[in-house]
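Numbered according to my numbering, the sequence shown spans residues 12 to 386.
Note sheet for the following structure.
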Amino acid sequence: MQALVVGHSSLAIQFIVQSVVHMYYPFETQATPLTNVRRERMLPAPGEVLVCVGEQVEPTQVVARVNQPSDFRILPVARLLGVPASRIRRYKRINLGDEVRRGQVIAVRRGLITHSVKSPIDGVMTASGGGRILIEARPTLFELRAYISGTVSNVLENHGVVIETAGAVIQGVWGAGGESFGVLKCMVNSPDKPLRAKAVDPSCHGTILVGGASLNETALRRAQELQVRGIVIGGLPSELVSQVERLPFPVIVTEGIGTVPMSMPVFRLLATNDGREASISGRVQPRWGVVRPEIVIPLPAETIPPTQTQPGTPLTVGARVRGVRLPCMGAVGTVRALPVHARRIETGAMVRGAEVDLGQGAPIFIPLANLEVLR
Numbered sequence: 012m013q014a015l016v017v018g019h020s021s022l023a024i025q026f027i028v029q030s031v032v033h034m035y036y037p038f039e040t041q042a043t044p045l046t047n048v049r050r051e052r053m054l055p056a057p058g059e060v061l062v063c064v065g066e067q068v069e070p071t072q073v074v075a076r077v078n079q080p081s082d083f084r085i086l087p088v089a090r091l092l093g094v095p096a097s098r099i100r101r102y103k104r105i106n107l108g109d110e111v112r113r114g115q116v117i118a119v120r121r122g123l124i125t126h127s128v129k130s131p132i133d134g135v136m137t138a139s140g141g142g143r144i145l146i147e148a149r150p151t152l153f154e155l156r157a158y159i160s161g162t163v164s165n166v167l168e169n170h171g172v173v174i175e176t177a178g179a180v181i182q183g184v185w186g187a188g189g190e191s192f193g194v195l196k197c198m199v200n201s202p203d204k205p206l207r208a209k210a211v212d213p214s215c216h217g218t219i220l221v222g223g224a225s226l227n228e229t230a231l232r233r234a235q236e237l238q239v240r241g242i243v244i245g246g247l248p249s250e251l252v253s254q255v256e257r258l259p260f261p262v263i264v265t266e267g268i269g270t271v272p273m274s275m276p277v278f279r280l281l282a283t284n285d286g287r288e289a290s291i292s293g294r295v296q297p298r299w300g301v302v303r304p305e306i307v308i309p310l311p312a313e314t315i316p317p318t319q320t321q322p323g324t325p326l327t328v329g330a331r332v333r334g335v336r337l338p339c340m341g342a343v344g345t346v347r348a349l350p351v352h353a354r355r356i357e358t359g360a361m362v363r364g365a366e367v368d369l370g371q372g373a374p375i376f377i378p379l380a381n382l383e384v385l386r
């Protein structure tokens, strides 16, 4: 009897181990038509919060501010003038607390050859001693804007706020630039079409352009001339990456580097909201919390549908997935089966994967490493 119990325990342990081994936690990307959007807006240092809980805010509204610590310069005046440190008082032209401008002469020694010392920055003389003068720059006022329209749900005293709204959220795979706000303007009627320069006309001024598979340097230059607020594109040619990083507006890539058609669910979601106001952020922070580029489209909604799956859950049958590598890059489908055993692929490697229905006939086997969940 004891042997039987031990046998059952071994089988149970083996089943649990196999279940854990076969779990796969894929990378996740949001492309959600309607959800509760919650964003923390934090100051870089303790400062002053200007809004209250329950207050309605707009994207460009300043919600908090702080005077950032200033820069300072230590100037070796005695050495530059060639005089003993104890004698620089007679050569100084400024006193403690005096304001100075960049390039202003703060000390001078006349003779056959005149020697002078100029301030390298705008600031205030805050200290002097040992033949040196300390110039402290004026504090810089940093203003934190709301970024999205919504309601202040929490105030973090002296540090920032939490803003909530109902709306659509789309995450990109790559981005550049800071934050922006404008009206979405869909420039193509199909996700596989490029954003062409001839389509970028004066009506694009102040809008966020939505393209398809790619764009070229001419279209990028034209968009900059017309002062667009941002660009959302499926793929970006690698030769334009460095140029995009220097643009004054954010650019968000939804699929990858190269000419890649925008996935249909993402394109359909953007096209459906053509003409609506949106907030976009091209900021990428792969460490310390994984900040990804995103498009947030606030929408009027009394009730928000519950999320079907929580972030960080293992891949399951029925999940919506997207291919992230060739030959299925950008293709979106549904997981129909998760085979227990590894299979050999074209490269000869034995890998675990999923049977994915791409809506083009029978499900195909795609390695798990080539998939991400599209929420």
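We put the beta carbon where it would ideally sit given N, CA and C, even for glycine.
Contact set for residue i: own chain, Cβ-Cβ below 6 angstroms, skip 5 residues either direction
i	result
Arg333	Ser274, Val343, Glu383 and Leu385
Gly341	Glu266, Val271, Pro272 and Ser274
Ile99	Val88, Ala89 and Gly142
Val194	Thr218 and Glu288
Cα-Cα separation between residue i and residue j, rounded to whole angstroms
i	j	result
Ala177	Pro213	31 angstroms
Met363	Glu357	A small fix is needed here, since residue 363 is Arg in this sequence, not Met. Approximately 13 angstroms between the Cα atoms of the pair.
Asn306	Val180	At residue 306 the sequence reads Ile, which differs from the Asn that was named. Answer to the nearest angstrom: the Cα atoms are 6 angstroms apart.
Val296	Val302	Looking at the sequence provided, one finds Gln at residue 296 rather than Val. Looking at the two C-alpha atoms, the distance is approximately 5 angstroms.
Ser290	Gly188	13 angstroms
Pro248	Thr162	39 angstroms
Pro378	Ala365	6 angstroms
Ala312	Pro374	36 angstroms
Pro95	Gly140	12 angstroms
Ala118	Arg112	13 angstroms
Val81	Glu147	The sequence as given places Ser at residue 81; Val does not occur at that position. Their Cα atoms are separated by approximately 7 angstroms.
Thr46	Met361	39 angstroms
Pro325	Thr40	14 angstroms
Leu220	Asp285	10 angstroms
Leu86	Arg101	16 angstroms
Glu66	Val173	11 angstroms
Glu110	Val252	43 angstroms
Cys215	Leu231	12 angstroms
Cβ-Cβ distance between residue i and residue j below 8 angstroms
i	j	result
Gly267	Val184	yes
Ile263	Pro304	yes
Val77	Leu61	no
His126	Leu167	no
Ala348	Val328	yes
Met136	Ile124	no
Ser201	Gly186	no
Val351	Ala330	no
Phe192	Arg121	no
Lys196	Thr218	yes
Asn165	Val64	yes
Ala210	Met198	yes
Leu281	Val335	no
Glu175	Ser292	no
Phe153	Gln79	yes
Buried versus exposed, by CB contacts within 10 Å (16 or more), residue i
i	result
Cys339	buried
Gly370	exposed
Asn381	buried
Val48	buried
Pro150	exposed
Val116	exposed
Beta-carbon contacts of residue i that lie in its chain and below 8 angstroms, excluding the five residues immediately before and after
i	result
Arg90	Gly142
Ser225	Pro205, Leu206, Ile244, Gly245, Gly246, Leu247, Pro248, Gly269, Thr270 and Val271
Cβ neighbours of residue i in the same chain (closer than 7 angstroms, five flanking residues each side left out)
i	result
Gly372	none
Val277	Ala42, Ile181 and Thr265
Gly58	Ala75, Arg76, Val77 and Asn169
Across the stretch 229-237 and the stretch 245-258, are there enough close Cβ pairs to call them in contact, namely three or more that are closer than 8 angstroms?
A contact exists between the stretch 229-237 and the stretch 245-258.
Three-pair Cβ contact test at 8 angstroms for the stretch 155-162 versus the stretch 52-65:
Contact holds: three or more Cβ-Cβ distances are below 8 angstroms.
Is the stretch 95-115 touching the stretch 123-133 in the sense that three or more CB pairs, one from each, lie closer than 8 angstroms?
Segments in contact, yes.
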